[in-house]
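Student: With the numbering used here applied, the sequence shown covers 195 to 500.
Structure provided below as structure tokens; questions to follow.
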Amino acid sequence: MRRVCDILAEIVVLVLVAFVAPCHAGTPVRIWEDVDGRDGKVKLVPFIPEENPMGVGVIVCPGGSYFWHDYKTEGEGVAQWLCDSGIAAFVLTYRTATIGGYITHARGLFGGVSHPAMIQDLQRALQVVRGNAAGWGIDSCRVGAMGFSAGGHLVMLGAELYGTDFTAMRGVGSGCSLRPDFVAPIYPVVTFTDRELTHKRSRRAALGEWGSRKVSMRDSLSLERHVRPDGPPVFLVNCIDDPVVKYGNSVLLHKALERAGVPHVYHQYKTGGHGFGADDSKCSDECRAWKNEFLIWLKSLYGNGQ
195 MRRVCDILAE IVVLVLVAFV APCHAGTPVR IWEDVDGRDG KVKLVPFIPE
245 ENPMGVGVIV CPGGSYFWHD YKTEGEGVAQ WLCDSGIAAF VLTYRTATIG
295 GYITHARGLF GGVSHPAMIQ DLQRALQVVR GNAAGWGIDS CRVGAMGFSA
345 GGHLVMLGAE LYGTDFTAMR GVGSGCSLRP DFVAPIYPVV TFTDRELTHK
395 RSRRAALGEW GSRKVSMRDS LSLERHVRPD GPPVFLVNCI DDPVVKYGNS
445 VLLHKALERA GVPHVYHQYK TGGHGFGADD SKCSDECRAW KNEFLIWLKS
495 LYGNGQ
């Protein structure tokens, strides 16, 4: 039986959500356009609520094995839920290796998108959101990131590699912290080194046709090996019956976070599978609780904005 305080916390969250007016997608922001005009497809789509009592913004990174984006379920659907809950959301269409790259392996001959392109896009998104925080009604010190599957790997990578300014390679001065204030990896890809647990498609996409064969490169992007003690708070979710990314990935990350002393919560559900995003119709009765748990957790960090 849950404690009375937990139940009351859930009621408070639900009441807050009920009084927030629905919102819709705003005008996309081309995050590299003012830098050099390249990478025009990399964009942030803002979902800004009428009221944002906590002043929080969340950059949403859809999954798709670093080859494509599940934009509808893990991008737009998630952002709409967050926005309807009184939280500003920004869907990031970061660069990927594309479906063509997945089918043809052409990057092995002609090159293409691979690390660090994706982390560059996330760091640039943090710069843009923090730089425009006042206009979007958010606190520049309350900007986090939520990602799904490969997107979960990306946001956690942002929580580990923020000491390196990857946008500097594009001639951009950081001008602000590149450390997300919190991250929420949902059924994330985690390891690129464990033979039993590695999601090989994501590894190939992230590291490239040749880089994915190098032990040093695999190690460099294996999340469980690079957790920082000073990393931001983490909200971690996965399901044991996940048929795509083995649940042991999240267990590895959970243990690494524990060893490093990083504040985090880990919700492991028996059922729910993979790829459900914020869509209750794609989730089990058990795992759909993750959304309310996230709102409660976020409120524990920031309260009512005080």
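The C-beta atom is built at its ideal place from N, Cα and C for all residues, glycine as well.
Among all the DSSP beta bridges, which residues are the ones paired with histidine 309?
Tutor: None, per the DSSP bridge assignment.
Student: Going by the DSSP bridge assignment, what does histidine 461 pair with across the sheet?
Tutor: Per DSSP, Val431.
Student: For cysteine 255, report the span of its beta strand (DSSP E) as first-last.
Tutor: Counting along the chain, the beta strand (DSSP E) containing cysteine 255 begins and ends at 251–255.
Student: Grouping DSSP H, G and I as helix and E and B as strand, with all else coil, what is valine 456?
Tutor: In this structure, valine 456 counts as coil in the three-state DSSP scheme.
Student: Exposed or buried, what is arginine 407 when buried is set at 16 or more other beta-carbons lying within 10 Å of its beta-carbon?
Tutor: So arginine 407 counts as exposed.
Student: Just to confirm before moving on: does the CB-CB distance between proline 457 and proline 427 stay below 8 Å?
Tutor: In this structure, proline 427 lies closer than 8 Å to proline 457 by Cβ.
Student: Alanine 273 by DSSP, collapsed to three states: which one?
Tutor: Alanine 273: helix per DSSP, three-state reduction.
Student: Glutamine 321 and serine 368: beta carbons closer than 8 Å?
Tutor: For glutamine 321 and serine 368, yes; Cβs fall inside 8 Å.
Student: Alpha carbon to alpha carbon, how far is glycine 249 from leucine 276?
Tutor: Their Cα atoms are separated by approximately 12 Å.
Student: With a 10 Å radius around its C-beta and 16 neighbouring C-beta atoms as the bar for buried, classify glutamate 268 as buried or exposed.
Tutor: Counting Cβ neighbours within 10 Å, glutamate 268 comes out buried, since at least 16 surround it.
Student: If you pair each beta-carbon of the stretch 378–388 with each one of the stretch 345–355, do three or more pairs fall below 8 Å?
Tutor: They touch, by the three-pair rule.
Student: Do you know offhand how far arginine 397's Cα is from arginine 412's?
Tutor: Roughly 8 Å between the two C-alpha positions.
Student: In angstroms with no decimal places, state the Cα-to-Cα distance between serine 416 and isoleucine 293.
Tutor: Serine 416 and isoleucine 293: Cα-Cα distance of roughly 23 Å.
Student: Could you round the C-beta distance between aspartate 435 and lysine 464 to whole angstroms and report it? I think they count as a contact, below 8 Å.
Tutor: Correct: roughly 7 Å between the Cβ atoms.
Student: Buried or exposed, going by whether 16 or more other CB atoms sit within 10 Å of the CB of histidine 393?
Tutor: Per the 10 Å Cβ criterion, buried.
Student: Just grab the DSSP bridge partners of lysine 237 for me.
Tutor: Paired residues: Arg224.
Student: With glycine 341 as the anchor, note down where its beta strand (DSSP E) starts and where it stops.
Tutor: Residues 337–342.
Student: Candidates Leu316, Phe342, Glu418: which alpha carbon is nearest lysine 237's?
Tutor: The candidate whose alpha carbon is nearest that of lysine 237 is Leu316.
Student: Smallest Cα separation from valine 323: which of Asp264, Arg373, Leu492?
Tutor: Selected option, being the one with the closest Cα: Arg373.
Student: Tell me whether the beta-carbon of methionine 350 lies closer than 8 Å to the beta-carbon of leucine 447.
Tutor: The answer is yes: Cβ separation under 8 Å.
Student: Under the assumption that proline 240 contacts glycine 271 (Cβ atoms under 8 Å), give the Cβ distance between them as a whole number of angstroms.
Tutor: About 15 Å; that fails the 8 Å criterion.
Student: Leaving out five residues on either side along the sequence, give the residues of the same chain with a beta carbon under 7 Å from the beta carbon of arginine 419.
Tutor: So the list reads Asp413, once near-sequence residues are dropped.
Student: Count the other CB atoms within 10 Å of the CB of cysteine 217; is the residue buried (16 or more) or exposed (fewer)?
Tutor: Cysteine 217 should be labelled buried.
Student: Is it buried or exposed, arginine 318, if we count other Cβ atoms within 10 angstroms and call 16 or more buried?
Tutor: Flag for arginine 318 reads buried.
Student: Which residue wins for smallest C-alpha separation from aspartate 228, given the options Lys449, Gln462, Arg301, Gly365?
Tutor: Nearest C-alpha to aspartate 228: Gly365.
Student: Arginine 232: buried (16+ other C-beta within 10 angstroms of its C-beta) or exposed?
Tutor: Exposed, because fewer than 16 other Cβ atoms sit within 10 Å of the Cβ of arginine 232.
Student: Using the Cα positions of alanine 283 and alanine 450, report the straight-line distance between them to the nearest angstrom.
Tutor: Distance between the alpha carbons of alanine 283 and alanine 450: 28 Å.
Student: Suppose contacts are defined by Cβ-Cβ distances below 8 Å. Is cysteine 255 in contact with glycine 338 by that definition?
Tutor: Cβ distance not < 8 Å, so cysteine 255 and glycine 338 don't count as in contact.
Student: Got a sec? Which residues, its chain only, sit under 6 Å from lysine 476 by beta carbon, not counting five neighbours each side?
Tutor: Only Phe470 meet the Cβ criterion.
Student: Quick one: give me the first and last residue of the beta strand (DSSP E) that leucine 489 is part of.
Tutor: Leucine 489 -> not in any beta strand (DSSP E); alpha helix (DSSP H) instead, spanning 484–496.
Student: On a Cα-Cα basis, can you pick out the residue from Tyr441, Asp473, Gly402 that is closest to tyrosine 460?
Tutor: Checked all of Tyr441, Asp473, Gly402; the closest Cα to tyrosine 460 is Tyr441.
Student: Could you tell me which of Gly325, Val431, Val383, Ala311 sits nearest to phenylalanine 360, measuring between CA atoms?
Tutor: With distances taken between Cα atoms, phenylalanine 360 lies closest to Ala311.
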